[in-house]
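Novice: Quick one: this structure, given as structure tokens, is what I'll be asking you about.
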Amino acid sequence: MRKYVLKRLAQVMVILFCILTILFVLFRLAPGDPVTRMVDPEMTPEESQHLIEQLGLDQPIWKQYLIYLKNCSTGEFGYSIHYGEPVAKVIWEKLPNTILLFTTAVLLSAMVGISWGKIAAWRKGKATDLGMTIAALVTHTLFLPWLALLLVWIFAYQLDWFPITGMVSDEVWLDPDAGFFTKAADVLYHMVLPLTTLFLIHFGSYLLVMRSSMLDTLKEDYILLARAKGLTERDIRNKHAAPNAWLPVVTSVGLSLAFSINGGALTETVFSWPGIGRELVFAVSQNDYPLAQASFMLISTVVLLSNVVVDVLYAYLDPRIRY
Amino acid sequence: MENKTVQILKAKRRALWRQRFMENWRVFMRNPLGRIGMSLLVMFGLMAVCSYIPPMIDPMYHPMTGVDPKVVSSVGPSWQHWLGTDFMGRDIFSQLLAGARVAFLVGVSAAFMSVVLGTAVGMTAGYMGRFTDTALMRLADMIMVLPTLLVVLMLAALFGQLSIWMIVLMIALFRWPGVSRIIRAQTLSLKQRPFIDAARVSGASHLRIIFRHIMPNVLPLAFLYMTFRVTSAIVIEAGLAFLGFGDPGTVSWGMMLQWVWKTGYMFQAPYWLLPPGICISLITLSFYMLGRAMDEVLDPRLRDETQAG
């Protein structure tokens, strides 16, 4: 098992190295002077000279590449042009926010998708099944930013139940008396709408996968055996059929991670959720290349690592697979 | 004499094909998903065709440049403008029609390109095996885990404004791995069949075997995957346009959503916020349903299942 995890981590490193190299090549191929794209024009000459030396922009190209790799591995991504701060500082603050929203959304939709898909397959052909399948199909194909705008319009603007944007309210966080739970509740309150958006988009595909996988499992001989033994229907469903059926769902969670992070970036942008996805969109629109590059690298790392987590989970859930 | 035999054989083959097509079509249309998806698509197709009409009636109905001189900000639906106008007096209904055209253009061309690429790569990897297979599949794995929307965004950061064809090309270049995996698996099983050996001993080259003997057998599957790729291409383009990185020369549904969001009319103009989103969601749904129905045509196992329940 440990060997397998190490092997997967080594693969992640190779892929990251490839992405870094491709980005480096593309950056040199792109129109415009690398120095003006990496260095803030408002810096003093000494500061910009220091930055150019740090990034190796005055060196021959092969040396630039080596310095670039070294900088990336130590997290030195240069200075953000818009914020005037080291890029690493800007994005490290945003990373936990993205991970919070992203993981909660993926876990919640997978859990709901699995348990509802189980019921839909069990009640195949009945009204429950039909209703759930149609709901899954429709929500799954909704256009994410539009759904987000719609939720904001209805629940935040018309009904005024939830805040329109942001992650925290200042009056709670600047209040010295506010304890941990008050603050957590405040974040949760802001998280309801973005989480609902991501949940509605994602649970449908998991539900459909779970439903068809469960239908396959129910045809197996051991289900017949379980029934012959006289087990209760509930036990057959939850203990004999479901554990075998959710493996394909785990695979589909892994395959849809890239799709989820796309959705995450769109959701963060609509709700002004201070995460890396929104930072990437913002950086691209502001021509802040150092920030865009670092956010992109960090997002890729998050996606690749979560893929490893999903694969390990799969191996853990399926006793037939031992690496 | 011989000519006649060939002709008869050809006619028989055509008849067989027609019969098979009609049978598949019947299975397809019996499926409610297939019927709904097909009718929705026909509706969107009509919208795309009709998009040429409004600008011909009056230049003020041009989706991009036409401005109603009497309107200075967004107004609601009226006889003049069926769905109202946007912030500078452009007709929303004609924009919606033009959006259908762009969606079909982007969806179908990106899907076609990525399926061609994916099929070629999948067949090559499956047929050649060994090193080629490993190299191509590793590449596919690498591209598969990247979030396409953000990759295209990053390319926009590097190269500036992307044109609609660049966007289509990028989507195609990053969406082929899924197709190639499926086609590879299919090729691997085909490779074991006797007719491939027969072709090889009669002296067919690798290229001939791949394109003449393997390709006709994997094409139906590739075609099925095309419908799923269409939806993902449309959604990616719409997402990109929504974030403000679409082609500024085209009016797509994502672009319309971006305008209503960025100009702050979101809360006052439901007649502007609702239609483009409904259209994107419905076209995605219809291609998805089409794909599912085709799945049943190609996979008889699934067919039995739906008929039973």
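Protein sequences appear in the order of chains A and B. Position one of the first sequence corresponds to residue 1 (the working numbering), numbered consecutively onward. Position one of the second sequence corresponds to residue 1 (the working numbering), numbered consecutively onward. Note that beta-carbon positions come from the ideal geometry of N, C-alpha and C, so glycine has one too.
1) Would you please verify whether the beta carbon of A/Val249 is less than 8 Å from any beta carbon of chain B?
2) Output, in sequence order along the chain, the residues in the segment 263-283 of chain A whose CB is closer than 8 Å to any CB in chain B.
3) Out of A/Leu255, A/Val270 and A/Ala228, state which residue places its alpha-carbon closest to the alpha-carbon of B/Lys262.
4) List the residues that DSSP assigns as beta-bridge partners of B/Asp91.
5) On the criterion of 16 or more Cβ atoms from any shown chain inside 10 Å, does B/Phe195 qualify as buried, or is it exposed?
6) Can you look up A/Tyr79 in the DSSP assignment and give me helix, strand or coil?
7) According to DSSP, A/Pro330 sits in a beta bridge with which residue or residues?
8) With DSSP run on the structure shown, which of helix, strand or coil describes B/Gly309?
9) State buried or exposed for A/His202, treating a residue as buried only when at least 16 other CB atoms are found within 10 Å of its CB.
10) Going along the chain, which residues of its own chain have a beta-carbon closer than 6 Å to the beta-carbon of B/Ala293, five neighbours each way excluded?
11) Ends of the alpha helix (DSSP H) at A/Pro319?
12) For a test of the three-state rule: what should DSSP assign to A/Ile164, helix, strand or coil?
13) Just by C-beta distance, which residues in the segment 293-313 of chain A are closer than 7 Å to chain B?
14) May I ask which residues mark the beginning and end of the alpha helix (DSSP H) holding B/His213?
15) Is it right to say A/Gly264 is buried, meaning 16 or more other beta carbons lie within 10 angstroms of its own, or is it exposed?
16) Is B/Leu298 close to the ligand MN? I mean its beta-carbon at under 7 Å from any heavy atom of the ligand.
17) For my contact list, B/Ala241 and B/Gln268 are in at a C-beta cut-off of 8 Å; report their separation, rounded to the angstrom.
18) Report, in whole angstroms, the separation of the C-beta atoms of B/Ser94 and B/Tyr61, which I expect to be a contact under 8 Å.
19) For B/Ala156, would you say it is in contact with chain A, using Cβ-to-Cβ distances shorter than 8 Å as the test?
20) Can you tell which of B/Thr284, B/Glu296 and B/Tyr225 has its C-alpha closest to the C-alpha of B/Phe112?
21) Starting from A/Trp246, find everything on chain B with Cβ-Cβ shorter than 7 Å and list it in chain order.
22) When the Cβ atoms of the segment 228-247 of chain A are set against those of the segment 72-90 of chain A, are three or more pairs found closer than 8 Å?
23) Does the separation of the CB atoms of A/Leu257 and A/Val303 fall below 8 Å?
24) From B/Gln7 to B/Leu117, what does the alpha carbon distance come to, in whole angstroms?
25) Could you tell me whether the Cβ of B/Pro147 comes closer than 8 Å to any Cβ of chain A?
26) What does a CB cutoff of less than 7 Å around A/Leu69 pick up in its chain, not counting 5 residues either side in sequence?
27) Determine the chain B residues that contact A/Ile327 at a beta-carbon separation under 7 Å, and present them in chain order.
28) Got a sec, what are the start and stop residues for the alpha helix (DSSP H) A/Gln54 sits in?
29) Excluding five sequence neighbours on each side, which residues of the same chain lie with their C-beta closer than 8 Å to the C-beta of B/Ser78?
30) I'd like to check one pair, B/Thr187 with B/Met123: are the Cβ atoms closer than 8 Å?
31) To the nearest angstrom, how far is the alpha carbon of A/Leu207 from that of A/Ala136?
32) From which residue to which residue does the alpha helix (DSSP H) around A/Val209 run?
33) Does the pairing of the segment 153-172 of chain A with the segment 239-259 of chain A give three or more beta-carbon distances under 8 Å?
34) Looking only at C-alpha atoms, which of B/Thr148, B/Phe44, B/Ala100 and B/Met22 sits nearest to B/Val251?
35) Quick one: complete alpha helix (DSSP H) runs, 4+ long, within the segment 271-296 of chain A?
36) Are at least three pairs of beta-carbons, each pair with one atom in the segment 291-301 of chain A and one in the segment 106-116 of chain A, less than 8 Å apart?
Specialist: Quick look at the numbers:
1) no
2) Ala265, Leu266, Thr269, Val270, Gly277, Leu280, Val281 and Ala283
3) A/Val270
4) B/Thr85
5) exposed
6) strand
7) Since the first residue shown for chain A is 1 and the last is 323, residue 330 of chain A is missing from the structure and cannot be characterised.
8) Below a pLDDT of 50, predicted positions are generally treated as unreliable, and B/Gly309, at 31, falls in that range; no measurement from the model is reported.
9) buried
10) Phe28, Asn31, Leu33 and Gly34
11) Where A/Pro319 is concerned, there is no enclosing alpha helix (DSSP H), given that its DSSP letter is neither H nor E.
12) Coil.
13) Phe296, Ile299, Ser300, Val303, Leu304 and Asn307
14) Run containing B/His213: none; DSSP gives neither H nor E here.
15) buried
16) The ligand MN is not part of the structure shown, which contains no ligands of any sort.
17) The pair is not a contact, with the Cβ atoms about 22 Å apart (cut-off 8 Å).
18) Right, the Cβ-Cβ distance comes to about 5 Å (below 8 Å), so this counts as a contact.
19) Chain A contact via Cβ: present.
20) B/Tyr225
21) Result: empty, since nearest Cβ-Cβ is about 20 Å, beyond 7 Å.
22) No: fewer than three Cβ pairs fall under 8 Å.
23) Yes. Within cutoff.
24) Distance between the alpha carbons of B/Gln7 and B/Leu117: 35 Å.
25) Judged by the 8 Å Cβ criterion, B/Pro147 is in contact with chain A.
26) Leu20
27) Here chain A covers residues 1 to 323 and nothing more, so residue 327 of chain A does not appear.
28) Pro45 to Leu55
29) Gly84
30) yes
31) Between A/Leu207 and A/Ala136, the C-alpha separation is close to 7 Å.
32) Phe180 to Leu218
33) Verdict: no, contact absent.
34) B/Ala100
35) 276-285
36) no
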